[in-house]
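Here the sequence shown is numbered in numbering that gives the first Met the number 0, starting from 0 and rising by one per residue.
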Amino acid sequence: MTPQTAAIQPVSVAMRAYGAQAATRSDFGSMVGDAARGALNTLRQSETTSARGVAGTADVQEVVQAAASAELTVQVVSQLRDRALAAYSDILRMAV
0 MTPQTAAIQP
10 VSVAMRAYGA
20 QAATRSDFGS
30 MVGDAARGAL
40 NTLRQSETTS
50 ARGVAGTADV
60 QEVVQAAASA
70 ELTVQVVSQL
80 RDRALAAYSD
90 ILRMAV
């Protein structure tokens, strides 16, 4: 009898099927680092677009979309920070 988990395909198979590139590293630290770099890139692009908007070289819709993207990114990062701190606090309160 084969185990039920043998029928589960690796995530990389699904990623290739949808044209996404598989991650070269699969540890948690690299995932968090990649997410942080992505958030910083989003904020930098939004700042650049906002500066172009002030200079008058960017479309208003483009500036609004960049601002909304930056706002969403900041909200997600702050929520993740709050959750991580709450988890750390819970671990410190555990009875050993």
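The C-beta atom is built at its ideal place from N, Cα and C for all residues, glycine as well.
Scanning its chain for C-beta atoms nearer than 7 Å, with the 5 sequence neighbours on each side dropped, one finds around A38 the residues T72, V76, in chain order. In chain order, T48, S49, R51, G52 place their CB closer than 8 Å to the CB of V62, counting only its own chain and leaving out the 5 sequence neighbours on each side.
Q60 and L42 have their C-alpha atoms roughly 17 Å apart. For M30, the three-state secondary structure derived from DSSP is helix.
Residues of the same chain with a CB within less than 7 Å of the CB of M93, apart from the 5 flanking positions on each side, do not exist.
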